[in-house]
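First up is the structure itself, then whatever we jot down about it.
In the UniProt record's numbering, the protein residues as written are 1 to 291.
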């Protein structure tokens, strides 16, 4: 029951990121939003660990620092940077739907790392997932061809975060997952900072209440809450954890409809169903090896 409650809460929180991000980038450049979120979230999490969890080791060794840097680069710098940039071109619903294909890429990357040929079911489930995303995106693609750019950026980010998840599972960590999360988002934010400085203009940013709400939501319920739940769930069973992604498109479209006024078309419904079928087809796969 605990895992079910945590999985349900994870899906609800994780799928809210797209709407919160879409609102935030109306006020500031996407990279500014991502950078503020990452650095503040990392500082908050490490401060909580230092002040209230003194029995846990916080300072990483040199080896662990290298592992955290690599993990943060993939999981935070590249993925989150791609996610916020993609939402300049995509609706929140499509963003949530696309991120739900994460477990399909995890399965495929796991097979490649284990040096075995991907099974037909693995490839079929991935093709179903991508086909569902394209179908759900069709009305937007018809109106605005730049949606293609957003889809390509986001899928590239999803491949990266899937690789980060496989790396996390295969690495023998000595630090607590909350501490790992704190370090990886902070380091990821520091890696992103030069790109944010170069590509964004702080002088035209509008740090209004909408921005503050977006950052606060992305830091506390998403970066601190949902990511901690995700690490907990994949520590229990990576494949079972990934099944909670089934619910992310559902919650994502509900949030997009309620808070962004996104219309739900027949293409949306059929595309979402195809993605869920793809997730179901790929759900009974070998577990990610930690050896």
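C-beta atoms are modelled at their ideal positions from N, C-alpha and C, and glycine is treated no differently.
Near residue i, what residues of its chain come up, given a Cβ to Cβ distance below 7 Å and the 5 sequence neighbours on each side ignored?
i, result
"residue 75", "161, 164, 184 and 188"
"residue 291", "Low per-residue confidence applies at residue 291: pLDDT is 37, beneath 50, and the placement is therefore not dependable, though the value from the model is reported in the following sentence. Contacts found: none."
"residue 277", "128"
"residue 60", "68, 175 and 183"
"residue 211", "24, 27 and 28"
"residue 248", "11, 14, 15, 96, 99 and 100"
"residue 148", "141"
"residue 200", "29, 31 and 32"
Mind checking which residues open and close the alpha helix (DSSP H) that includes residue i?
i, result
"residue 22", "17-24"
"residue 64", "62-72"
"residue 114", "Note, residue 114: premise wrong, no alpha helix (DSSP H); not H, not E."
"residue 228", "227-236"
"residue 136", "120-143"
"residue 184", "177-199"
"residue 170", "147-170"
"residue 214", "209-217"
"residue 98", "92-99"
"residue 250", "248-259"
"residue 12", "2-14"
"residue 265", "Note, residue 265: premise wrong, no alpha helix (DSSP H); not H, not E."
"residue 83", "79-86"
If the criterion is Cβ atoms closer than 8 Å, does the pair residue i and residue j meet it?
i, j, result
"residue 142", "residue 87", "no"
"residue 77", "residue 275", "no"
"residue 49", "residue 43", "no"
"residue 267", "residue 135", "yes"
"residue 10", "residue 233", "yes"
"residue 192", "residue 38", "yes"
"residue 207", "residue 31", "no"
"residue 3", "residue 236", "yes"
"residue 213", "residue 150", "no"
"residue 231", "residue 45", "no"
"residue 351", "residue 145", "Lying before the first or after the last residue shown, residue 351 is absent from the chain, which here runs from 1 to 291."
"residue 118", "residue 265", "no"
Using a Cβ-Cβ cut-off of 6 Å (strictly less than) and excluding sequence neighbours within five positions of residue i, which residues of its own chain qualify?
i, result
"residue 92", "18, 19, 22, 256 and 260"
"residue 271", "132, 135 and 136"
"residue 157", "79, 82 and 83"
"residue 241", "233 and 234"
"residue 125", "104, 278, 281 and 282"
"residue 217", "20"
"residue 72", "184, 187 and 188"
So, at 8 Å on beta carbons, what are the nonlocal neighbours of residue i in its own chain, with the 5 sequence-adjacent residues on each side left out?
i, result
"residue 13", "221, 222, 225, 226 and 229"
"residue 215", "24, 33, 36, 37 and 40"
"residue 292", "The structure shown does not extend to residue 292, since the chain is modelled only from 1 to 291, so the question has no answer here."
- Item | Any alpha helix (DSSP H) of 4 or more consecutive residues that is wholly inside the region 26-51 | none
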